[in-house]
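Here the structure comes first, spelled out in structure tokens, and everything after it is commentary.
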Amino acid sequence: MNILVQFLVFSILCSIQFYPSKAFYQCGIRQHGFLPLVHQGWAVEEGQWPWHTAVFHKIEGVGFQYKCGATLVNERHVLTAAHCVVKRLSKNALPTVLHEIELHFGQHNLSKVTDNVVIRDVSKAHVHPEYATHKNDIAVLVLRLPVEYFEYVIPICLVQNVGRDLRELEGQRGWITGWGKTENGTISEILRTSSLPIVDHVQCLKNDRLLFGNILDENVFCAGYRNGTSPGPGDSGGGLYVSDGDRWVLRGIVSFGKANELKKGVDPYKYTVFVNVQQYLTWIKEIAAESEPQRDRRQKRISESECERFHGLSKKRRNGDCLNNRHPHNVMILQLDGKLLCNGVLVDENYVVTTCNCVRPAHTYQPAKVRIEAYGEVAISEMFCHPQYIDKKTQNDLAIIKLARAVTLSSSLIPACLANNWTENLYDILLQSTFVHEGQDLIILYESDENRITTTGKCESWFEYWKVGGFNHDNALCVTNSDPLRRASYGPRASTGDALQSSNRRSCMFTVVGIKSRSSDKYYTRNSDFPTIDVYARISHHLDWIEESVWNGQPRDVVCGVDYKWDKLWHVAIFQRNITGNGFDFSCSATLISAKHVITTASCLVNQTTGRPLADDTFELKVGLEQMSQPTAYTQTRYVSEVHVHPESAVNDIGILVTTWPFRITQDVKPICLSPAKDANIWNADGEISGWETIETGIPKDIRRSERIGILDYQTCSKASLDLSGYRLPANMFCSDYPKGKFHIADHGSGLYYNSFGEKSYWSLVGIVSSEMKGNGTERYTLFVNVQQYAAWIDKILRQSEPRPEKSSPRISEKECERFGQLSRKHNGVCENDGNSTNNNYPHIVSLLDEDQNVVCLGALVKEDRVLTACKCVRGAFRPTKVGLNIDSSVDITDVICHPGYSSSIESHHDIAIVKLRTAVELSSQVIPTCLANYDTENLEDAVLQTSLYRNVKENPKETTPYATYEYIGSAEECERTTAPNNTEKYSFLPGQFCVISPGSYAGANIEFNDAVVQSIDNRICQFTVIGIASAAINHNDNTGRRPELAAIVNRVAYYLNWIEQVVWDEKAALL
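Per this note's numbering, the sequence shown starts with residue 5, numbered consecutively.
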């Protein structure tokens, strides 16, 4: 390949040390980026163009020899130039296809076949039927065996719009790659790449009218610099790739250039002609259909479906620029006084994703509000961190904010798409967007596209230099930012929660790949040689948790049958996967009866030949759809996890679909009621029906319509059926007569809705369209399944689709927990009983005081007159006499009961006790007893809040300070290592014990850890659950310069719960 004489210097983009699952590779998204430039051009990094293919011809007596380039477009098909696969016997002979072809995928060095190279032979070569010299120079090669995608073998995308105008390419820059001859006249051993500008036909003709005059048409285009940069011999058949938003597409195939007879090569000062792939798209699809490549039956994730829902809001100006190019998903998270705390990303009308270190900078959440630039300020109703986030670390540093009200979306306010393993693109342009303070009250939006993923080793070394630990490459992205304006402008004022995203110019949508957790801004000086380093929480790694938190919440107190818009908010369109591809076609209508249940006819859900239910991945459901051709932002799409057909569906035409994720219940989407009012008489009354008019033609209209029809009584319907068909209508069906002269607007599965009037008006589902019965004249009857006849079967499906763990009657501690939960209060998303950063007060944490009012230890209030604590605390040298509450009051202690297995000789074993108070304390939102963990409710996998007492033994042993931190429960190996420093004797853990690891939270041997209450917190409902009482701790400080680790030995509440319940709520049984 002739390579660049003049070039731009690009930033380095190195490979990183994580790879996605083999199941998740999408066309046009690569897994590797740029390496440094080499002599006058780019040496391709292995995997940089994973769709580029080497074509080898078998030469008699020599073997296979490199001939051309090609491009992988799916697992069975490769595109190349026709002249790369044909030979001519004489000037007048027709071309003959070369069958001895071998294809190499993932090849980097032509002389080396590494483990990354996949070799396939060709079963068939399709040369365009009208191929001639410099005309229709395109061929499709069919692989005998499909390739399996991995990081070095990924297909490129083909633009699916056949009618895309060639003029839109003019002025764009495309990329070519190959092993063609260099300026030295030799084939390059290493794959090389360069970029070329695409020019219009007029400019191409001016370059050489004699060469290009009879060739240029809509099937080809020109590209090149005319400065020494062009494809060379050996590069033919390779692709020209164009960045089409957030992925790469194939727009051209190297066909020919002007020959340089003197150098026996291509004249690099003339343009190169490329085949316009777009013109041959229909032909390519026909060939691909013949080979029947494996179809993707992967159901879209809920975040993907929601992303598609927002697409309709994006708009373009006439010049093609996006109206929403100022990051319409970026939001500001402010203190209540208006000061900027951090940034966040809108992902739904009700939810924002940000970092936990913003909303919970220490151990407590701080009151906040959200400001949206195109909308205004919105209050917060809930905020909660990732359950495994530990204070001041980068791992799992994400939080979700629920807004107090849904925001109204528009072209300037569009939620972001969320990257998954299938859509994540880390190796092209990544944009950072963040709001920063500019002066006293001014907040501006800063944008930068100079972001590159860096290696985890470099990231760790930089943070180690700044003595900042906690980077974890499994769930975080380390990014270098080389934008000089960043240091000069806002640098140390940087906050967290910034979005790192790719953008799609076609759809004008942004896909967020990371949320900034930590930055090196505050560690450097302006003259520092270190780059700016940002650590982002990786969205794809945490997507399961985000989706579960945002889209799996079941709505509370949903009122069914309310249709203020008269748009039939419960009408559902059922689409079935077509047999020729991966798309879905409309098949039936249905009705939403709960957030996760849709009811229709059995005939819509079964194979018409076998009568068996279709697979769950056959269906796609849409609610809120009024116009087939134009879904709106209010149209929700869901997929199916269960298909339920009545066991006797031949005579009981009814079925239910259960969705993988619940529909979001809004003003535009609501379920219908299943039962009309008790005194309602639907017979000979009017009902409403809605649909796309397919029951007669099978072809849906574009607009959904509704119609009022008359409901006939059973006797009338049965007589009509007997007269017309000779059969009496089954008792589980009824009918309606349709207005004469009108088209039937229903579909199979459409619901018949009845409006009950009374104390309150609501709609109920009384029937489902099963079929139509035509009369002798113009009269027509619609036959309905009588929904009321199947009430018991429907109820059974509803209950079994929402499984609840089989459980005996609630424990006394669970009942009490529910009683205490009624006292919790929340303001601006923060629980009143969440404690605060100054005194660490929590509603259940109490202090045990001696006679001199010194704090001996801590305990947890479990009932109005009972406290849970450690036995060694109440039997120690300074025995407590009072319990101090967090409201500056105290209560006398009347009795102490230690666990019968406790022994002072082994203090940590069975170290648990109940303290009885003289009088019951008055409960409030500031004083609430804790819940107690049992084996069903405890969670030992997530972070736990540890509330401890610190005593400085050297300076003032009587002065104690409460301290709360989020830590984690150690594994058996971690507990063993941390409790046996310097090879001392190992601590023997009992079955009812675990340890809590506190890395780096304690400094110095003079700090004594007495005890702690270990609890989990559900900030969504303001509930604390004590899972353990700490007895002792071992401070592992080996004086090696590393931060010390501390392991608290904790007695597990669930293990001792039977004894605790007896003592607290059944005193007589405990004292026996």
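For glycine and all other residues, C-beta sits at the position ideal for the given N, C-alpha and C.
In this text the structure is predicted, and so the values were computed from the model without any measurement.
Compute the distance between the beta-carbons of residue i and residue j, then report whether it is under 8 Å.
i: residue 1057; j: residue 849; result: no
i: residue 887; j: residue 921; result: yes
i: residue 836; j: residue 929; result: yes
i: residue 501; j: residue 359; result: yes
i: residue 652; j: residue 662; result: no
i: residue 590; j: residue 599; result: no
i: residue 833; j: residue 384; result: yes
i: residue 420; j: residue 515; result: yes
i: residue 75; j: residue 46; result: no
i: residue 447; j: residue 344; result: yes
i: residue 740; j: residue 715; result: yes
i: residue 499; j: residue 347; result: yes
i: residue 1067; j: residue 901; result: yes
Measure how close the beta-carbons of residue i and residue j come, nearest whole angstrom, since I'm counting them as under 8 Å.
i: residue 387; j: residue 1023; result: 7 Å
i: residue 238; j: residue 178; result: 19 Å between Cβ atoms; not a contact.
i: residue 317; j: residue 414; result: 7 Å
i: residue 225; j: residue 256; result: 7 Å
i: residue 643; j: residue 664; result: 5 Å
i: residue 77; j: residue 162; result: 6 Å
i: residue 676; j: residue 609; result: That pair is no contact at about 19 Å.
i: residue 305; j: residue 551; result: 7 Å
i: residue 543; j: residue 947; result: Actually they do not touch by this definition, with Cβ atoms about 20 Å apart.
i: residue 1; j: residue 915; result: Residue 1 cannot be examined here, being either before or after the span of the chain that is shown, 5 to 1076.
i: residue 511; j: residue 110; result: Actually they do not touch by this definition, with Cβ atoms about 30 Å apart.
Return helix, strand or coil for residue i, following the three-state DSSP convention.
i: residue 337; result: strand
i: residue 174; result: coil
i: residue 543; result: helix
i: residue 56; result: strand
i: residue 205; result: helix
i: residue 1062; result: helix
i: residue 1037; result: strand
i: residue 692; result: strand
i: residue 843; result: Confidence is the limiting factor: at residue 843 the pLDDT is only 49, short of 50, which leaves the residue's position unreliable, though a coordinate-based value still follows. DSSP places residue 843 in coil when its eight states are reduced to three.
i: residue 614; result: coil
i: residue 979; result: helix
i: residue 609; result: coil
i: residue 479; result: coil
i: residue 993; result: coil
i: residue 315; result: helix
i: residue 412; result: coil
i: residue 1045; result: Because residue 1045 carries a pLDDT of 44, less than 50, the predicted location of this residue cannot be relied on, and the following value inherits that uncertainty. Coil, per DSSP.
i: residue 898; result: strand
i: residue 907; result: strand
i: residue 252; result: strand
i: residue 367; result: coil
i: residue 795; result: helix
Look up residue i in the DSSP assignment and give the residues it is bridged to.
i: residue 362; result: Beta-bridge pairing links residue 362 to no other residue.
i: residue 1; result: It is not possible to answer for residue 1, since the shown part of the chain is limited to 5 through 1076.
i: residue 592; result: 578
i: residue 146; result: 81 and 128
i: residue 513; result: 508
i: residue 346; result: 337
i: residue 749; result: Partner(s): none; residue 749 has no beta bridge.
i: residue 108; result: 58 and 123
i: residue 661; result: 602 and 647
i: residue 198; result: 180
i: residue 777; result: 785
Spell out whether any CB of chain C is found under 8 Å from the CB atom of residue i.
i: residue 627; result: The question asks about chain C, but that chain is absent: this structure has only one protein chain.
Is the segment 902 to 909 touching the segment 934 to 941 in the sense that three or more CB pairs, one from each, lie closer than 8 Å?
-> no
Should the segment 206 to 219 be regarded as contacting the segment 113 to 133, the criterion being three or more beta carbon pairs within less than 8 Å?
-> no
Count the CB pairs spanning the segment 103 to 111 and the segment 123 to 137 that are closer than 8 Å, and state whether there are at least three.
-> yes
Assess, as a yes-or-no matter, whether the segment 134 to 145 is touched by the segment 192 to 212 under the definition of 3 or more beta carbon pairs within less than 8 Å.
-> no
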